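Undergrad: If you're matching them up, the sequences are chains U and G in order.
Position 42 of the first sequence, counting from 1, maps to 41 under numbering that gives the first Met the number 0, and the rest follow consecutively.
Position 156 of the second sequence, counting from 1, maps to 155 under numbering that gives the first Met the number 0, and the rest follow consecutively.
There are 2 protein chains.
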Amino acid sequence: MRAEVILSPGEFSLHDLTGKTGIVIDVFRFTTTILTALEAGIERFCPVAEIEDAWALKNSHPDFLLAGERQALNISGFDFGNSPLDHYGKEYAGGDLVCSTTNGTRAIHGARGAQEIVLASMRSAAAVAAYVKEQGRDLVFLPAGLAGKFSLEDTWCAGFILSLLELEELGDGAKVALLTYEQISREDLVHSAHGKRLQGLGLLEDLDFCLELNASSGVVIWDQNSGWGALKR
Amino acid sequence: MRAEVILSPGEFSLHDLTGKTGIVIDVFRFTTTILTALEAGIERFCPVAEIEDAWALKNSHPDFLLAGERQALNISGFDFGNSPLDHYGKEYAGGDLVCSTTNGTRAIHGARGAQEIVLASMRSAAAVAAYVKEQGRDLVFLPAGLAGKFSLEDTWCAGFILSLLELEELGDGAKVALLTYEQISREDLVHSAHGKRLQGLGLLEDLDFCLELNASSGVVIWDQNSGWGALKR
Chain U
0 MRAEVILSPG EFSLHDLTGK TGIVIDVFRF TTTILTALEA GIERFCPVAE
50 IEDAWALKNS HPDFLLAGER QALNISGFDF GNSPLDHYGK EYAGGDLVCS
100 TTNGTRAIHG ARGAQEIVLA SMRSAAAVAA YVKEQGRDLV FLPAGLAGKF
150 SLEDTWCAGF ILSLLELEEL GDGAKVALLT YEQISREDLV HSAHGKRLQG
200 LGLLEDLDFC LELNASSGVV IWDQNSGWGA LKR
Chain G
0 MRAEVILSPG EFSLHDLTGK TGIVIDVFRF TTTILTALEA GIERFCPVAE
50 IEDAWALKNS HPDFLLAGER QALNISGFDF GNSPLDHYGK EYAGGDLVCS
100 TTNGTRAIHG ARGAQEIVLA SMRSAAAVAA YVKEQGRDLV FLPAGLAGKF
150 SLEDTWCAGF ILSLLELEEL GDGAKVALLT YEQISREDLV HSAHGKRLQG
200 LGLLEDLDFC LELNASSGVV IWDQNSGWGA LKR
């Protein structure tokens, strides 16, 4: 098994994901929030690029729930924002969630072409590591970044998962992600560019929740053909 | 002084360089080669995107010299390739060099908008560090990368220069570049993606030359208004 980490969203289109497992990471907060919503009972989710796309789906399927953010703020008329705390501790009896977030949605679609697309977060890192190891494919990590730029916490999370896998063959980006995990403390991630931004919006509880390691055994898979994703286990 | 390192060429357009010093790094081999050519007596250089642009300049100024590469190979009819060994130990009596390389040219133009644009390499790292410290502006490093992707050796070089500057305020990308320098040995850079590619082309002597630290006291500046660059000192 070989692994590469694409350090910037600006490169997503330049890497060949054919036959590989794509691992999308948006710690603050999309992949954390989706995991939490699915574990609370939401049955499936559909990431869409534009707010208008979400409303179009809602118009044809009035039972769909809408979630998302723009610049970390809730979208008017949507059922949920992009906070995992919207869902944590809830018990839903199913439901279809249409989501529109900036970074996470871009990263998920950037993983198109991979054999399988897995969503990962700090909370599901060990579960994702075990799952992709079983699958045995080469890995490409797609840290979602912040507004198209490198993200320290997403790269750190990729490095953390790599540390659990102990692979022998790492691409240059994967080597750097592993170093990032080994040399930067998890506590320091609240001071990343994205962390500071969310702190400025008063979202410190979200940060703490998103930075908790291995709190979940859930593995989320997104099916690029149907456009919907769900818990695999 | 604050510093950021843009880890991928895919992000060049997303960063604001206004009022800052932009530091372009293409260790393998553009910025190393330009430094070496200028120190051998070439008076100035002009980076252009396309081979046709170089020929157009040559047609109107037959005394111009042409240099460059495509996929690390020499361009038919050009005076020089992109090897620093083309120039090392030579003594030119001036001359105007028009250059077209893939990664370096993109990075130089990616630095447009900066207050001043400096070219750096392993050989000139300490000289560049001393120069930009004197200037006192905030810094943005632009590692040129490889075909639009992250480059380990260019990022390492940025980290090396940062280690000499000992700045207090580093952006997330700069923190990671500094770690890369601290944790990855210089000898290992011949095994980077770019290093392996040049090794495969039999360019090991070029690699050794490009990886030599602080062998030069030259500082190269590119003037984005005229399109020409030269040795500043």
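Every residue gets a Cβ at the ideal spot worked out from N, C-alpha and C, and that includes glycine.
In this text, all values refer to a predicted model and were calculated from it rather than measured experimentally.
Applying the criterion that 16 or more other CB atoms from any shown protein chain within 10 Å of the CB defines a buried residue, is R248/U buried or exposed?
TA: As displayed, chain U neither begins before 0 nor continues past 232, which places residue 248/U out of reach and without an answer.
Undergrad: Hey, E42/U and D78/U: beta-carbon distance below 9 Å or not?
TA: Sequence index remark: in the first sequence, residue 42/U carries index 43 (1-based). Sequence index remark: in the first sequence, residue 78/U carries index 79 (1-based). In terms of Cβ geometry, E42/U and D78/U do not form a close pair [threshold 9 Å].
Undergrad: Going along the chain, which residues of its own chain have a beta-carbon closer than 6 Å to the beta-carbon of Y180/U, five neighbours each way excluded?
TA: Counting from one through the first sequence, the residue named residue 180/U turns up at place 181. Excluding sequence neighbours, Y180/U sits near W155, G158, F159 and S162.
Undergrad: Taking the beta strand (DSSP E) that R69/G belongs to, which residues open and close that run?
TA: Numbered from 1 along the second sequence, position 70 holds the residue referred to as residue 69/G. First-last of the beta strand (DSSP E) with R69/G: L64 to R69.
Undergrad: For A106/U and T20/U, what's the separation of their Cα atoms in angstroms?
TA: Residue mapping note: residue 106/U aligns to position 107 of the first sequence, counting from 1. Residue mapping note: residue 20/U aligns to position 21 of the first sequence, counting from 1. C-alpha separation (whole angstroms): 14 Å.
Undergrad: Please state whether DSSP places A229/G in a helix, a strand or coil.
TA: Along the second sequence, one-based indexing puts residue 229/G at 230. A229/G falls in the strand class under three-state DSSP.
Undergrad: I believe V97/U touches F63/U by the beta-carbon criterion, under 8 Å. Please report the beta-carbon distance rounded to the nearest angstrom.
TA: For the purposes of this step, residue 97/U is identified with residue 98 of the first sequence, where counting begins at 1. For the purposes of this step, residue 63/U is identified with residue 64 of the first sequence, where counting begins at 1. Contact between V97/U and F63/U holds, with the beta-carbon distance rounding to 5 Å and staying under 8 Å.
Undergrad: Evaluate N224/U with the Cβ neighbour count: other Cβ atoms within 10 Å of its Cβ, from every protein chain shown; 16 or more gives buried, anything less gives exposed.
TA: Your numbering for residue 224/U matches position 225 in the first sequence. N224/U is exposed by the Cβ-count criterion.
Undergrad: Chain G partners of G147/U, CB-CB under 7 Å?
TA: Here residue 147/U refers to the residue found at position 148 when the first sequence is read from its first residue. Going along chain G in sequence order, the residues near G147/U (Cβ under 7 Å) are E10 and L13.
Undergrad: Can you tell me the Cα-Cα spacing of L118/U and G217/U, whole angstroms?
TA: Position 119 of the first sequence, counted from the first residue, corresponds to residue 118/U. Position 218 of the first sequence, counted from the first residue, corresponds to residue 217/U. Whole-angstrom Cα-Cα distance: 10 Å.
Undergrad: What in chain U is Cβ-close to A119/G, meaning under 8 Å?
TA: The sequence position of residue 119/G within the second sequence is 120, counting from 1. Correct list: empty, because the minimum Cβ distance to chain U is about 19 Å.
Undergrad: Taking Cβ-Cβ distances shorter than 8 Å, what residues in chain U pair up with T179/G?
TA: Position 180 of the second sequence holds residue 179/G. Going along chain U in sequence order, the residues near T179/G (Cβ under 8 Å) are V175 and L178.
Undergrad: Using a Cβ cut-off of 8 Å, pull out every chain U residue sitting near A192/G, in sequence order please.
TA: Residue mapping note: residue 192/G aligns to position 193 of the second sequence, counting from 1. Per Cβ cutoff of 8 Å: G170 and D171.
Undergrad: Taking C-beta pairs closer than 7 Å, name the residues in chain U that Q182/G reaches, listed in chain order.
TA: Counting from 1 along the second sequence, the entry for residue 182/G is found at position 183. Chain-ordered, the chain U residues with CB closer than 7 Å to the CB of Q182/G read L178 and Q182.
Undergrad: To the nearest angstrom, report how far apart L169/G and L34/G are at their CA atoms.
TA: Residue numbering aside, residue 169/G sits at position 170 when the second sequence is read from its first letter. Residue numbering aside, residue 34/G sits at position 35 when the second sequence is read from its first letter. Each residue's alpha carbon lies about 27 Å from the other.
Undergrad: Within its chain, find whatever has a CB closer than 7 Å to the CB of G144/G; leave out the 5 residues flanking it on each side and keep chain order.
TA: Residue numbering aside, residue 144/G sits at position 145 when the second sequence is read from its first letter. A distance below 7 Å between beta-carbons, with the five flanking residues on each side excluded, links G144/G to the following residues of its chain, in chain order: S7, P8, N102, S150 and D153.
Undergrad: Only counting the same chain, and skipping five residues up and downstream in sequence, which positions put a Cβ closer than 6 Å to that of E38/U?
TA: Along the first sequence, read from residue 1 onward, the residue named residue 38/U stands at position 39. Counting only Cβ-Cβ distances below 6 Å, and skipping sequence neighbours, we find G217.
Undergrad: Report the neighbours of L72/G on chain U: residues whose CB is nearer than 8 Å to its CB, in chain order.
TA: Taking the second sequence and counting its residues from 1, one reaches residue 72/G at position 73. Within chain U, not a single residue places a beta-carbon under 8 Å from that of L72/G; the smallest gap is close to 21 Å.
Undergrad: Would you be able to state if there are at least three C-beta pairs under 8 Å between the region 48 to 58 of chain G and the region 23 to 30 of chain G?
TA: no
Undergrad: Under the three-state reduction of DSSP, which class applies to D78/G: helix, strand or coil?
TA: Here residue 78/G refers to the residue found at position 79 when the second sequence is read from its first residue. Residue state, collapsed to three classes: coil.
Undergrad: Going by CA-CA distance only, name the one from K231/U, W227/U, D222/U and C209/U that's closest to E115/U.
TA: Taking the first residue of the first sequence as position 1, residue 115/U is located at position 116. Out of K231/U, W227/U, D222/U and C209/U, D222/U has the C-alpha closest to the C-alpha of E115/U.
Undergrad: Tell me, please, whether the CB atom of L151/G is closer than 9 Å to any CB atom in chain U?
TA: Here residue 151/G corresponds to residue number 152 of the second sequence, with the count starting at 1. Yes, because at least one Cβ of chain U sits closer than 9 Å to the Cβ of L151/G.
Undergrad: What's the call for N81/G, buried or exposed, on a 16-neighbour Cβ count within 10 Å?
TA: For this step, residue 81/G is matched to residue 82 along the second sequence. With 16 or more other Cβ atoms within 10 Å, it is buried.
Undergrad: Using a C-beta cutoff of 9 Å, does S7/U count as contacting chain G?
TA: In the first sequence, residue 7/U corresponds to position 8, counting from 1. With respect to chain G, the C-beta atom of S7/U has a partner C-beta closer than 9 Å.
Undergrad: Can you confirm whether T30/U, when its beta carbon is compared against all beta carbons of chain G, has any partner nearer than 9 Å?
TA: Numbered from 1 along the first sequence, position 31 holds the residue referred to as residue 30/U. Between T30/U and chain G, the shortest Cβ-Cβ separation is not below 9 Å.
Undergrad: State the Cα-Cα distance for the pair L16/G and G172/G, rounded to the nearest angstrom.
TA: By one-based count along the second sequence, residue 16/G stands at place 17. By one-based count along the second sequence, residue 172/G stands at place 173. If you take the alpha carbons of L16/G and G172/G, they lie about 15 Å apart.
Undergrad: Given a cut-off of 9 Å on the beta-carbon distance, is the pair S99/U and G67/U in contact?
TA: As a working mapping, residue 99/U is identified with position 100 in the first sequence. As a working mapping, residue 67/U is identified with position 68 in the first sequence. Cβ atoms of S99/U and G67/U: closer than 9 Å.
Undergrad: Between the alpha carbons of F208/G and A214/G, how many angstroms are there, rounded?
TA: Taking the first residue of the second sequence as position 1, residue 208/G is located at position 209. Taking the first residue of the second sequence as position 1, residue 214/G is located at position 215. Answer to the nearest angstrom: the Cα atoms are 9 Å apart.
Undergrad: Roughly how many whole angstroms lie between the Cα atoms of I50/G and S191/G?
TA: On the second sequence, position 51 is the one that residue 50/G refers to. On the second sequence, position 192 is the one that residue 191/G refers to. Taking the straight line from one Cα to the other gives about 27 Å.
Undergrad: At a Cβ threshold of 9 Å, is T17/U touching chain G?
TA: On the first sequence, position 18 is the one that residue 17/U refers to. Answer no: the Cβ-Cβ gap between T17/U and chain G never drops below 9 Å.
Undergrad: Buried or exposed for E90/G, please, with buried defined as at least 16 other CB atoms from any protein chain shown within 10 angstroms of its CB.
TA: For the purposes of this step, residue 90/G is taken as residue 91 along the second sequence, with counting starting at 1. Burial call: exposed.
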